[in-house]
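**Student:**
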Amino acid sequence: MGDILDLKGRNALVTGAGQGVGRQVALQFAAHNAGVVVVNDFYAERAQAVAAEVQALGARAIAAPCDVTDYDAVQRMFTDISAQIGAIDLLVNNAGNAGPTQSPAESKPFWETGPQEWSNWMGTNFYGVLNCCRAATPGMMARKYGRIITVISDAGRVGEPHLAVYSGAKAGAAGFMRALAKAVGRGQITANCVALAGVNTPGVADLMPDAEHIKQMLKAYVIRRFGEPDDAANMILFLASDAASWITAQTYPVNGGYSVSS
Ligand SMILES: NC(=O)c1ccc[n+]([C@@H]2O[C@H](COP(=O)([O-])OP(=O)(O)OC[C@H]3O[C@@H](n4cnc5c(N)ncnc54)[C@H](O)[C@@H]3O)[C@@H](O)[C@H]2O)c1
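Numbers given in my numbering equal positions in the sequence shown, counted from 1, plus 1396.
Encoded structure:
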């Protein structure tokens, strides 16, 4: 039997892939026979470093730095990429957390915040998803093939009191993905979300300051460890593969049992 996770030479674009979960997705896709892996990140040097790692695996990669919150920049990125390699078949909306320039640990109680802070969270976690889906879907509809996977958070399912706007942005992204899935289904495009709980990545290192803090946090997990980028990337790879062609409009938790649902 062949590899059910074989990506069959399809081109992929992963946002925020310069570190953490997105980097691991880029490497996993490369290891499973993706075509060109487009490594997006706000920071050009991160995108280039991960593109080099993908190439070191013997796969093709392009670094595509751009801020996903910027509609015009995202349009330009997709136009440039499609001129070089053709269309994107697999889109992973992974850029998230507090956006590119602040730490989630800087978040304040909701009642002390205003529109500037809100737009940081909404920009990357909600508008970034709209911008990339807007750019990717016409080509997918034309070719009648596509996989869109958006990384959300258990915060968007259960609500995190200290991350209220982030929770709302992620829940909004999931609601949008359900509707988009219904809109693009006739194009044989699937659209799903993966909801993560705490995963060891550079972006959330500030939230896990010391051993005592980590011990307290882990009490909420059935499997008493934080996730690793591979835990997330494995599910994203599955949803990107043809093995998942009958799965759409869903949110899959990958969370060590942090939240449970029927
Ligand atoms: N790590 C966790 O504990 C955790 C938990 C739940 C959900 N998530 C979600 O998983 C995804 C990946 O998280 P991570 O912890 O691996 O991320 P991270 O913060 O470690 O890295 C994210 C990368 O995305 C880039 N980025 C951020 N905003 C961008 C923008 N506007 N345009 C382009 N690039 C941008 C950053 O430069 C960074 O390199 C995010 O959507 C996050 O919200 C993470």
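Beta carbons are placed, not taken as given, at the ideal position from N, Cα and C, and that holds for glycine.
Keep in mind the model is a prediction, meaning the values are calculated, not measured.
Taking THR1465 as the reference, which of THR1520, GLY1623 and ALA1538 has the closest Cα?
**Tutor:** Taking the sequence shown and counting its residues from 1, one reaches residue 1465 at position 69. With distances taken between Cα atoms, THR1465 lies closest to THR1520.
**Student:** Measuring from the CB of VAL1417, is there a heavy atom of ligand 2 at a distance below 7 Å?
**Tutor:** Ligands displayed in this structure: ligand 1; ligand 2 is not among them.
**Student:** Measuring CB to CB, does ALA1616 end up less than 8 Å from TYR1654?
**Tutor:** Locating residue 1616 in the sequence shown gives position 220, counting from the first residue. Locating residue 1654 in the sequence shown gives position 258, counting from the first residue. Contact flag set, yes.
**Student:** According to the Cβ coordinates, are PRO1511 and ASP1463 closer than 8 Å?
**Tutor:** On the sequence shown, position 115 is the one that residue 1511 refers to. On the sequence shown, position 67 is the one that residue 1463 refers to. Cβ distance not < 8 Å, so PRO1511 and ASP1463 don't count as in contact.
**Student:** Judging by CA-CA distance, which residue of VAL1410, PHE1425 and ALA1494 is the nearest neighbour of ILE1477?
**Tutor:** Looking up residue 1477 in the sequence shown gives position 81. The shortest Cα separation from ILE1477 among VAL1410, PHE1425 and ALA1494 belongs to VAL1410.
**Student:** Along the alpha helix (DSSP H) that carries ILE1481, what are the first and last residues, could you check?
**Tutor:** Here residue 1481 is taken as the residue at index 85 of the sequence shown, counted from 1. From DSSP, the alpha helix (DSSP H) with ILE1481 extends over 1467 to 1481.
**Student:** Check whether the Cβ atoms of LEU1487 and VAL1450 lie closer than 8 Å to each other.
**Tutor:** By one-based count along the sequence shown, residue 1487 stands at place 91. By one-based count along the sequence shown, residue 1450 stands at place 54. Against a cut-off of 8 Å, the Cβ pair of VAL1450 and LEU1487 comes out as no contact.
**Student:** According to the Cβ coordinates, are ALA1579 and ALA1645 closer than 8 Å?
**Tutor:** Along the sequence shown, one-based indexing puts residue 1579 at 183. Along the sequence shown, one-based indexing puts residue 1645 at 249. Not a contact, by the Cβ cut-off of 8 Å.
**Student:** When the distance is taken between beta carbons, is ASP1402 closer than 8 Å to ASN1429?
**Tutor:** As a first step, residue 1429 is located in the sequence shown; it is residue number 33 there, counting from the start. As a first step, residue 1402 is located in the sequence shown; it is residue number 6 there, counting from the start. Yes, Cβ-Cβ distance for ASN1429 and ASP1402 is below 8 Å.
**Student:** Figure out for me which residue from LEU1603, ASP1550, ALA1427 and VAL1554 has the closest Cα to the Cα of ASP1626.
**Tutor:** Stepping through the sequence shown from its first residue, residue 1626 is reached at position 230. When each option's Cα is compared against that of ASP1626, the closest is ALA1427.
**Student:** Answer yes or no: the CB of THR1647 versus the heavy atoms of ligand 1, is any distance below 7 Å?
**Tutor:** Counting from 1 along the sequence shown, the entry for residue 1647 is found at position 251. No, the Cβ of THR1647 stays beyond 7 Å of every heavy atom of ligand 1.
**Student:** Measuring only the C-alpha atoms, how far is ALA1591 from PHE1474?
**Tutor:** Walking along the sequence shown from the start, residue 1591 turns up at place 195. Walking along the sequence shown from the start, residue 1474 turns up at place 78. Spanning the two alpha carbons is a distance of roughly 26 Å.
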